[in-house]
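Numbering (the numbering used here), first residue to last: 18 to 130. What follows is a short report on a single structure.
Right, dumping it as structure tokens:
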């Protein structure tokens, strides 16, 4: 059964608004899945995608009616992190501030523990 663990991971209001907008355009539920995969320049990389619903082992964080879901394996690597949506001259993207990351890369999408 999916669990709600508010301190495990957080979704900022800016990220929640962006997920809601993307989900509305695609006629999908406002649920963002964050997972961690091996690869990238620093060893691990973040993967984002819209989801239809949580799986049994997912942890859920909710902000403004938008849910962020993370599987149990990925949660071990991102516990305590915050997912934000930032816009800059370089573009717009989801950004993970991960207190467990010992190193990151310039693109911001990969990290090392």
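All C-beta atoms in this analysis are idealised placements derived from N, C-alpha and C, irrespective of residue type, glycine included.
Assigned exposure category for residue i - 16 Cβ within 10 Å defines buried
{"i": "residue 44", "result": "exposed"}
{"i": "residue 109", "result": "exposed"}
{"i": "residue 73", "result": "exposed"}
{"i": "residue 93", "result": "exposed"}
{"i": "residue 91", "result": "buried"}
Distance between residue j and residue i (C-alpha atoms, nearest Å)
{"i": "residue 33", "j": "residue 66", "result": "13 Å"}
{"i": "residue 115", "j": "residue 102", "result": "14 Å"}
{"i": "residue 86", "j": "residue 35", "result": "15 Å"}
{"i": "residue 30", "j": "residue 81", "result": "7 Å"}
{"i": "residue 107", "j": "residue 38", "result": "21 Å"}
{"i": "residue 60", "j": "residue 54", "result": "9 Å"}
{"i": "residue 6", "j": "residue 77", "result": "Given that the chain is displayed from residue 18 to residue 130, the structure contains no residue 6 and the question cannot be resolved."}
{"i": "residue 69", "j": "residue 75", "result": "13 Å"}
{"i": "residue 17", "j": "residue 104", "result": "This structure does not reach residue 17, given that the chain is present from 18 up to 130, and the question cannot be answered."}
{"i": "residue 50", "j": "residue 42", "result": "17 Å"}
Distance between beta carbons of residue j and residue i, contact taken as under 8 Å
{"i": "residue 26", "j": "residue 118", "result": "So it is not a contact: roughly 13 Å between Cβ atoms."}
Test item: CB-CB of residue i and residue j under 8 Å
{"i": "residue 113", "j": "residue 95", "result": "yes"}
Heavy atom of the ligand SAH within 7 Å of residue i beta-carbon
{"i": "residue 97", "result": "Among the ligands in the structure shown, none appear at all, so the ligand SAH cannot be discussed."}
| request: Run through the region 56-98 for me and flag every whole beta strand (DSSP E) of 3 or more residues, listed as ranges in chain order. | output: Qualifying beta strand (DSSP E) stretches, in chain order: 60-67, 76-80, 83-87.
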